[in-house]
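Chemist: Questions regarding the structure given below will be posed in turn.
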Amino acid sequence: MTFAASHRRWGYRRAWVKAREAGFDCGRDVVRRIWRQEGLRVFPRKGSQAAVSAPIHPWG
Numbered sequence: 840m841t842f843a844a845s846h847r848r849w850g851y852r853r854a855w856v857k858a859r860e861a862g863f864d865c866g867r868d869v870v871r872r873i874w875r876q877e878g879l880r881v882f883p884r885k886g887s888q889a890a891v892s893a894p895i896h897p898w899g
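First residue of the sequence shown: 840, per the numbering used here; consecutive thereafter.
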């Protein structure tokens with residue numbers, strides 16, 4: 840859980856790769872199951888909205 844807290848933008852795939860690099864012998868599905876059981880999610884980043892020059896600005 841502390842690993843997920845320090846890397847909030849990581850999903851289970853990147854966490855699995857880093858766990859393997861750290862020497863843990865675990866499968867991707869195991870990490871995925873634990874990730875899901877703990878309720879961990881990566882929320883998508885909010886995109887920026889285009890600034891308009893007038894209230895009724897034609898797009899195109």
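Think of the CB as a built atom: it goes at the ideal place given N, C-alpha and C, for glycine as much as any other residue.
What does the alpha-carbon distance come out to for the pair D864 and R853?
Modeler: On the sequence shown, position 25 is the one that residue 864 refers to. On the sequence shown, position 14 is the one that residue 853 refers to. Rounded to whole angstroms, D864 to R853 spans 15 Å at the Cα level.
Chemist: Do V870 and A889 have their C-beta atoms closer together than 9 Å?
Modeler: If you number the sequence shown from 1, residue 870 lands on position 31. If you number the sequence shown from 1, residue 889 lands on position 50. For V870 and A889, no; Cβs fall outside 9 Å.
Chemist: Measure from the alpha carbon of R884 to the alpha carbon of each residue in W855, R848, T841, A844, then state which is nearest.
Modeler: Reading the sequence shown from its first residue, position 45 is the one you call residue 884. Cα-wise, what sits closest to R884 is R848.
Chemist: Could you tell me the distance, in whole angstroms, from the CA atom of G878 to the CA atom of S887?
Modeler: Locating residue 878 in the sequence shown gives position 39, where the first residue counts as 1. Locating residue 887 in the sequence shown gives position 48, where the first residue counts as 1. Approximately 27 Å between the Cα atoms of the pair.
Chemist: Take S845 as the anchor and find which of P894, V881, R872 has the nearest alpha-carbon.
Modeler: Counting from 1 along the sequence shown, the entry for residue 845 is found at position 6. Nearest of P894, V881, R872 to S845, Cα basis: V881.
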